[in-house]
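Numbers 3 to 471, taken from the working numbering, label the letters of the sequence shown in order.
Positions of the beta carbon are idealized from the N, C-alpha and C atoms, including for glycine.
Quick notes on the structure that follows.
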Amino acid sequence: MMKRTIFIVVGIVSCLTLKAQNRIKPLQVGDKCPDFLFQHISNTNKLPVRLSDFKGKLVILDFGGLGGCPPCIKGALELDSLMRNEFKDKIASIYCMSKHAWGDEGPSLAERKRQIVFYLHNDKRGKQLHQIVDWGDTTLSDYFPHRLYPHMVWIGKDGTVLAITSQDYLKPEYIREALTKKSLQWETKYDVKSGLDLNEPFVVYNQMNTPYLNGDSSVRYYSTFLNYLPGLNRYSLSYFNGNGVRYNVQGKKRIVMINQPIAKMYYDLLCPGNDVSKIIYEVRDQLRYDVFNGMLGKYKPNTIESPDWRRKNTYGYDGIFPSSLSKDDIIKRVVDEINYSLGLNGRMEQRNVKVWAVTSSLKYSKQFEVMSSNIADSIYREGRTGGYITIGNLLWELAHREGSLPIVDETHFTEESLKSKYVKISAAALKSREMLNDELMPYGLSITEGKRQLEMLVITENGYNQDEK
């Protein structure tokens, strides 16, 4: 009996010891990385890949999602370009599909590989991605835990963790600093260590747990306006351009915004469409508001969304509302509170503005191309040689070009036609209305400059005088 008892106890202790050994301790800035093994990867002929294969280079692990995370892909493509051009042979990057991007359970490894390979070969942005893509992450997200992505880990030439950041540091000047310094005084992204729980209200309204406030059901409404929160990505729980208001606190309606630029807060709440050219700034310093990377043509892109800019010019909001309030009522209340907090008047307003009007003639000699939806449009980034693009995507490209006027669609095409009819356009034509008209003329399309009465997002500072600008 004694022998059996001892055997059982030893067995239990052994199991507990093994479990403790398998528990991964998250790495911090200054820690030495193990020689990570990347087995489930694409975009490389070398299998497997180890961290030590990049010895002597700055390595950036870029955690994110793919098709469902536009900021992740935008950053990945920027990093890809820097890696292959300005910093060729000096940095290496691995795009790591975050555990969170696959969901709690996640598909099988075979299904993950199928999805990634399809994306890299068929999506217009995926085809431009040359980085190694790790789609089988089982431990990396444990070494570098995070809730929000993009999430970037900078590993020095000697394998030491130099920094853990948001995407804000993905700029040439910061890469040069990381290549030359052994320690960096950068803001650390720490959304897990911060205790952030997006399913809970930000305001602790019942610290004493008094009976009359016990439980969420006692709070019918609250809101709070926040300054910049260090260590957290930009985040918004509710996008109103189609997704509506989320329910997640005892059946009540809630809006959460974290580290959002001012223009983006208004834009997500008020704008009826996805067109950044339909914003009018009546402000003393547009740089405080213009989040759209200089798209409105006044500021250089690199001056926007730097870490210092974010600290000074981004804000947050958290609000819980009674379920009886409509979406429009909630939006009005939130906009009023943003206006009050920042001394602004953000609103939608009819204005007579200059536009580019796109029209169509029934008499055209050249037939539109009709292609299957999985064929990627060729025109997306600078330097492309041109190719086929849907009419709908052409309108989107024009609206998002630097210094663009608002685009008005007067073609009278159906929604389906805008998605299925392709025209062949050179990349150079997107920079010149005259050249674009020459290439569109055979299709019976033309672009003219004129004035139209449009609903615009107008952001006005209290006491603003046009003569001050």
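Proximity test, I449 beta-carbon vs the ligand ZN heavy atom, cut-off 7 Å | The ligand ZN is not part of this structure, which contains no ligands at all.
Could you give the C-beta distance for L131 and L49, rounded to a whole number, given that I count them as a contact under 8 Å?
-> Actually they do not touch by this definition, with Cβ atoms about 18 Å apart.
Status (buried if at least 16 other CB within 10 Å, exposed otherwise) for N87 = exposed
Beta-bridge partners of E457, as assigned by DSSP | Q352
Assign A429 to one of three DSSP states: helix, strand, or coil.
-> coil
Write down every uninterrupted run of the beta strand (DSSP E) in the stretch 126-154 whose length is 3 residues or greater and which is fully enclosed by it, in chain order.
-> Note on the stretch 126-154: whole beta strand (DSSP E) runs with a minimum of 3 residues are 134-136, in chain order.
Segment contact, 8 Å Cβ cut-off, at least three pairs: the stretch 418-431 with the stretch 328-339 | no
Residues in its own chain within less than 8 Å of Y466 by CB, not counting five upstream and five downstream?
-> So the qualifying residues of the chain are E284, V285 and R286.
One or two residues paired with T361 in a DSSP bridge | E412 and S448
Buried or exposed: T167, going by 16 or more other Cβ atoms within 10 Å of its Cβ?
-> buried
Drop a sphere of 10 angstroms on the beta-carbon of K255, count the other beta-carbons inside from all chains shown, and report buried for 16 or more, exposed for fewer.
-> buried
Straight-line Cα distance separating Q169 from D139 = 20 Å
A431 classed as buried or exposed, judged by whether at least 16 other C-beta atoms fall within 10 angstroms = buried
From this set, Q30, V460 and I177, which residue's C-alpha is nearest S143's C-alpha?
-> Q30
Local conformation of K266 per DSSP, three classes = helix
For S363 versus G446, is the C-beta distance shorter than 8 Å?
-> yes
Check the DSSP bridge columns for F40 and list the partner residues they point to.
-> Under DSSP, the beta-bridge partners assigned to F40 are V51.
In this structure, what does DSSP give as the bridge partners for L63?
-> I96 and V155
According to DSSP, is N376 helix, strand or coil?
-> A caution first: N376 carries a pLDDT of 43, below 50, which makes its placement in the model too unreliable to give a value.
Closer than 7 Å by C-beta to H414: which residues in its own chain qualify, once you throw out the five before and the five after it? Chain order, please.
-> S362
From what residue to what residue does the alpha helix (DSSP H) around G394 run?
-> Judged by DSSP secondary structure, G394 falls within the alpha helix (DSSP H) whose first and last residues are I393 to A401.
Where N235 falls, given that 16 or more other Cβ within 10 Å makes a residue buried | By the C-beta density criterion, N235 is buried, having at least 16 other C-beta atoms within 10 angstroms.
Hey, how far is the Cα of K1 from the Cα of M85?
-> For the chain, the structure presents residues 3 to 471; residue 1 sits outside this window and is missing.
Rounded to whole angstroms, what's the CA-CA distance from L81 to N261? Just pull it up for me.
-> 23 Å
Residue span of the alpha helix (DSSP H) that contains T182, given as start and end | P174 to T182
Report back the beta-carbon spacing between I93 and K59 to the nearest angstrom; my notes put them in contact at under 8 Å.
-> 6 Å
Residue closest to A401, alpha-carbon to alpha-carbon, out of V425, A359 and L442 = Cα-wise, what sits closest to A401 is A359.
Which stretch, first to last residue, makes up the alpha helix (DSSP H) that contains V337?
-> Its alpha helix (DSSP H) spans residues K329 to L344.
In this structure, does DSSP put K101 in helix, strand or coil?
-> helix
Thinking C-alpha only, which one of V61, I427, L459 and N354 is nearest L172?
-> Out of V61, I427, L459 and N354, V61 has the C-alpha closest to the C-alpha of L172.
Pull up the CB-CB distance for K357 and L407, whole angstroms please, since I reckon it's below 8 Å.
-> In the sequence as presented, Lys is not what sits at residue 357; that position holds Val. The Cβ separation is near 5 Å, so the contact holds.
List the residues that DSSP assigns as beta-bridge partners of N347.
-> T462
Taking the C-alpha atoms as reference points, what is the distance between K115 and G158?
-> 29 Å
Measure the C-alpha to C-alpha separation of T392 and M443 and round it to an integer number of angstroms.
-> 15 Å
Less than 8 Å separating the beta-carbons of Y145 and I26?
-> yes
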